[in-house]
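Notes for the one structure printed next.
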Amino acid sequence: MREDIEKVGALNILASSEQAGVFAAARNDYRQIFIMGHPEYDTETLNNEFIRDKDAGLNPEVPSNYFLNDDYTQKPVNRWRSQASLIYINWLNYVYQETPYDITSIS
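Residue numbers (the working numbering): 94 to 200.
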């Protein structure tokens with residue numbers, strides 16, 4: 094995915110890692126921001142998708158750093174909730190701060 098995003102001159106990668114790949118990208122003018130993955134997921138959502146795919150015979154990869162000791166027979170551990178909240182809170186705060194009072198001045 095990183096290579097595809099880098100091919101688009103109008104996009105910048107904002108956050109990425111070797112393990113997870115691209116997490117956030119934005120248009121050069123920051124009028125559109127793209128969040129990959131699902132930081133809004135509840136604790137069990139990814140587990141439900143994993144079990145669904147496993148039961149369907151798809152042999153999905155065990156999500157890294159999701160189950161206790163990466164053992165899918167253990168309960169998932171929600172390590173992302175506070176970071177997900179910060180992403181959305183900060184994003185909404187930014188939008189609020191940058192939105193002009195006069196809607197006609199938005200270009």
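Cβ coordinates follow ideal geometry from the N, Cα and C atoms, glycine included.
Would a check of beta-carbon distances place Glu142 closer than 8 Å to chain E?
Among the protein chains of the structure shown there is no chain E, as only one such chain exists.
Asn158 lies in the beta strand (DSSP E); which residues open and close that run?
Premise fails: Asn158 is in no beta strand (DSSP E) and is neither H nor E.
The alpha helix (DSSP H) enclosing Ala118, as first and last residue numbers
Unbroken run through Ala118 is the beta strand (DSSP E), Gly114 to Arg120; no alpha helix (DSSP H).
Cβ atoms of Arg120 and Leu107: under 8 Å apart, would you say?
Against a cut-off of 8 Å, the Cβ pair of Arg120 and Leu107 comes out as no contact.
May I ask you to report which of helix, strand or coil DSSP gives Asn152?
Judged by DSSP in its simplified three-state form, Asn152 adopts coil rather than helix or strand.
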